[in-house]
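Student: Quick note: the sequence shown uses our numbering, first residue 354, plus one each step.
Quick reminder that beta carbons are idealized off the backbone N, C-alpha and C, glycines included.
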Amino acid sequence: MPINISNGQKRILISTIIITLLYVLVWMTSHRKSEIKSRTPVNENGQAVFKQRLVAVGDLHGDIQNAEKVLRMANLIDSESNWIGNQDILVQTGDIVDRGAYALNVYKLMQKLRGQAENQGGKVVSILGNHEVMNAIGDWRYVTQDDIKVFGGTKRRQEALAKDGWLGSEWLANYSITAKVPLSPYSFSPSISFSHGSIRPSFSNLLPYPEKINELGKSLIEKALTPPLSPPYPPNPYSGLPKGHTSEEADLYSEGGPLWWRGLAEREESQVCQWAKELKLKLGVKRIIGGHTPNFEKIVSRCNDSIIIIDTGISSAYGGVLSALEIIYTLLPTKEDHKEHRQDPFMVFDTQRQFQNSIDSSIQSSNNQKNEVSGISPKSKGLEGKFIEREEVYAIYEKRKKLIVIDEREITL
């Protein structure tokens, strides 16, 4: 005998089925999230033995408004543009100048944040781009008239750029061509290579890295910024590299040098991955990160995330997307070991301070120390047993955050 179901009963039945399906979907999603979270072991009080957050930002090209937006997106500055990143590391990969009007303001912001970050145990790592070096040698083809006005005219802009001027001295003291940034103070942890353009495995002055490249960069910049500076081109004739430059310095600034080369961003995948493998071995790094070659839609990851290109055309001169790269590194005891590895809270500050000092020694262009972190033995710091080393890499955009990769490994100390 057929069962007659009224329209009202049909609606109730359909609604019940939909609600049930939604419940199952929500349960599966939350269950999946819990599975992902469970991969991260915690110690007795839920804290890592060591945790470091690093944020990298690409080309800014004179756009102070978008620069501040990106740093707020990454939770590094507050509404007054003061540092709130605590012990975070900020790496900016060059090309602050040209195309936009407010390079001066961006440099001033970075100068302020550098001091504020250091006071909180954090760090600002600044890389020179090809446009910084262009300005140093008098190549002003991409300098806007508004930029010159903000500096107070051509003469004042040149005075600022001179080696004793506020910007020239800032470049010489706090900017480098490349940087090797360790993710922890422990020698077993990975380091990351940062440069503006692509580093070529066959570059003649690659090693020792990063010292040799940075020594050449500092020498070239100092020669270029020693008065009298080259007259700006245009309207004056192009002067080229400064008098007294060496062939090694010319190679640094050449099309195949780390300021200009785009190979890791533009060449075919198989070739790039072969270069990546070679570079990681030579440089002693896990990833190579750079800017210079914009993708106006996203941060580009290549070769199983060994190569990451972070220039997304942030400046309004390009109209790309606002973005930042985030790396979160944690070292945690495994669940079965955590009771035996409670760390003295005073060690945390001491280790962090030594860590920040080790970054200084890695990026200083004239430093003769080894660029590997030294003098911090894990066992001398009470770290023995099994640990999970975890590295999470994200692309941060204006309205979303995208996971690029999570790498984990278990280590025994």
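Label K752 either buried or exposed according to how many other C-beta atoms from any shown protein chain fall within 10 Å of its C-beta, with 16 as the threshold for buried.
Tutor: exposed
Student: Go ahead and pull the three-state DSSP assignment for R406.
Tutor: R406 falls in the strand class under three-state DSSP.
Student: Identify, in the order they occur along the chain, each residue of the same chain with its Cβ nearer than 6 angstroms to the Cβ of V758, setting aside the five sequence neighbours on each side.
Tutor: Hits under 6 angstroms: D658 and V746.
Student: In angstroms, rounded to a whole number, what distance separates the CA positions of I490 and Q624?
Tutor: 33 angstroms
Student: Can you check DSSP and say which residues form a bridge with P686?
Tutor: F740
Student: Is it buried or exposed, T683, if we count other Cβ atoms within 10 angstroms and call 16 or more buried?
Tutor: buried
Student: Identify the continuous beta strand (DSSP E) that holds F504 and give its terminal residues.
Tutor: Careful: F504 lies outside any beta strand (DSSP E), inside the alpha helix (DSSP H) at Q498 to F504.
Student: Might you give, ordered along the chain, the residues of its own chain that have their beta carbon closer than 7 angstroms to the beta carbon of I764, omitting 5 neighbours on each side?
Tutor: F541, F740 and E742
Student: What do you reckon, are the CB atoms on S583 and S572 nearer than 8 angstroms?
Tutor: no
Student: Locate the alpha helix (DSSP H) running through D760, then write down its first and last residues.
Tutor: Looking at the DSSP string, D760 is not in any alpha helix (DSSP H); the run it does join, the beta strand (DSSP E), is K754 to T765.
Student: Thinking W628 and P581 are a contact (beta carbons under 8 angstroms), I'd like their distance in whole angstroms, please.
Tutor: The pair is not a contact, with the Cβ atoms about 41 angstroms apart (cut-off 8 angstroms).
Student: Leaving out the 5 sequence neighbours to the left and right, which residues in its chain are closer than 6 angstroms to K404 when beta-carbon positions are compared?
Tutor: T683
Student: If you pair each beta-carbon of the segment 668–684 with each one of the segment 430–438, do three or more pairs fall below 8 angstroms?
Tutor: no
Student: Spatial neighbours of S522 within its chain, please: CB distance less than 6 angstroms, with the 5 preceding and 5 following residues excluded, ordered by chain position.
Tutor: none
Student: So is E575 in contact with chain D if we call contact Cβ pairs under 8 angstroms?
Tutor: As a matter of chain content, chain D is missing from the structure shown, which is built from one protein chain.
Student: Please determine, among D760, G411, K754 and G738, the residue with the shortest C-alpha to C-alpha distance to H549.
Tutor: G411
Student: Report yes if the CB atom of S668 is closer than 8 angstroms to the CB atom of G447, and no otherwise.
Tutor: It is not a contact, given that the beta carbons lie outside the stated cut-off.
Student: I believe E679 touches V408 by the beta-carbon criterion, under 8 angstroms. Please report the beta-carbon distance rounded to the nearest angstrom.
Tutor: Confirmed, Cβ separation roughly 5 angstroms.
Student: Decide if T646 is buried, meaning its Cβ has at least 16 other Cβ atoms within 10 Å, or exposed.
Tutor: buried
Student: Could you please give the first and the last residue of the uninterrupted beta strand (DSSP E) stretch that includes K443?
Tutor: According to the sequence displayed, residue 443 carries Leu and not Lys. From DSSP, the beta strand (DSSP E) with L443 extends over I442 to Q445.
Student: Checking the sheet assignment: what are the DSSP bridge partners for P535?
Tutor: S544
Student: I need the straight-line Cα distance from D697 to V402, nearest angstrom please.
Tutor: Note that D697 scores a pLDDT of 34, beneath 50, so its modelled location is shaky; the value from the coordinates is reported in the next line. About 10 angstroms.
Student: Just mark S654 as buried or exposed, buried being the case when its beta carbon has 16 or more other beta carbons within 10 Å.
Tutor: buried
Student: Figure out for me which residue from L578, A470 and T507 has the closest Cα to the Cα of G518.
Tutor: Looking at the Cα atoms, L578 is the closest of the given residues.
Student: Taking just the CA atoms, how far does A513 sit from L525?
Tutor: When the Cα atoms are used, L525 and A513 turn out to be separated by approximately 13 angstroms.
Student: Should T599 be labelled buried (16 or more other beta-carbon atoms within 10 Å of its own) or exposed?
Tutor: exposed
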